[in-house]
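Numbering (the UniProt record's numbering), first residue to last: 1 to 282. Cβ coordinates follow ideal geometry from the N, Cα and C atoms, glycine included. Below: the structure, in structure tokens.
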Ligand code: PAF
């Protein structure tokens, strides 16, 4: 695997690959890699000639300094995992100046309201930060296809909108959530959970499974209050929000329409670790 440590090295590499007519798949990350990321690379490898990943902990998408400071950084282990997977041809590890040559600031975007729902309400400015780094990475890496996990479903929707609005010739793929045996969605943040908390945190998945069973049988307000009740009784866990939303617009709904698809979204703080999960309802 090639390790590309700055923008110039990356751009020379991309130029050579483009000249050879290689189809490029890209999966950007913030490191602390786990099996969930490995499933992105696997999907990318199956559909491209070449897979590139990046590791860059993007400061502008964090709402508070302590969350940024606490974000796990495990570069040596990440590189070992990437080598072992055999699915990644090159890893881009930009420096801050490669992404933010002037100020470390987000651009401001309009994503037709998707950015104002759910995470947008609870993490103001977060999606501007994500879109800023992804726009820059897309312009530098120039992939044909890019891969993102469905765990951050709203982020995936924002990135699809970004590509549409900027007319970038990149196909965006969502990859199914990778869960451990208990159902806990894999996340870099899980590293900060104790083994006891990890077991407890399977309640997020168990709750979503129940919601899917209740879907179209009881009303949404009734589902909402049952979910609140579940977390009210769970010690060490605090429900930040639970929402059933239209899968297209991500707008919260209080009523199911026959011809629309819905997804349940859940955010829970386990100790001081913020966990996010979602499930398509069928
Ligand atoms: O999902 C992530 O890891 C990050 O939000 C992303 C997409 C790499 C942008 O920094």
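Residue i burial status per 10 Å Cβ neighbour count (16 or more: buried)
| i | result |
| --- | --- |
| residue 92 | buried |
| residue 45 | buried |
| residue 120 | buried |
| residue 268 | buried |
| residue 118 | buried |
| residue 20 | exposed |
| residue 101 | exposed |
| residue 245 | buried |
| residue 142 | buried |
| residue 232 | exposed |
Separation of residue j from residue i, as counted between CA atoms
| i | j | result |
| --- | --- | --- |
| residue 196 | residue 271 | 11 angstroms |
| residue 132 | residue 81 | 27 angstroms |
| residue 209 | residue 151 | 15 angstroms |
| residue 154 | residue 5 | 30 angstroms |
| residue 167 | residue 114 | 18 angstroms |
| residue 50 | residue 277 | 30 angstroms |
| residue 69 | residue 58 | 11 angstroms |
| residue 85 | residue 187 | 18 angstroms |
| residue 192 | residue 241 | 21 angstroms |
| residue 76 | residue 215 | 44 angstroms |
Bridge-paired residues (DSSP) for residue i
| i | result |
| --- | --- |
| residue 174 | 148 |
| residue 276 | 267 |
| residue 246 | 262 |
| residue 3 | 91 |
| residue 50 | 24 |
| residue 185 | 179 |
Proximity test, residue i beta-carbon vs the ligand PAF heavy atom, cut-off 7 angstroms
| i | result |
| --- | --- |
| residue 134 | yes |
| residue 148 | yes |
| residue 63 | no |
| residue 279 | no |
| residue 29 | yes |
| residue 152 | yes |
| residue 155 | yes |
| residue 227 | no |
C-beta atoms of residue i and residue j nearer than 8 angstroms
| i | j | result |
| --- | --- | --- |
| residue 71 | residue 30 | yes |
| residue 149 | residue 36 | yes |
| residue 252 | residue 243 | yes |
| residue 146 | residue 177 | no |
| residue 111 | residue 158 | yes |
| residue 358 | residue 275 | For the chain, the structure presents residues 1 to 282; residue 358 sits outside this window and is missing. |
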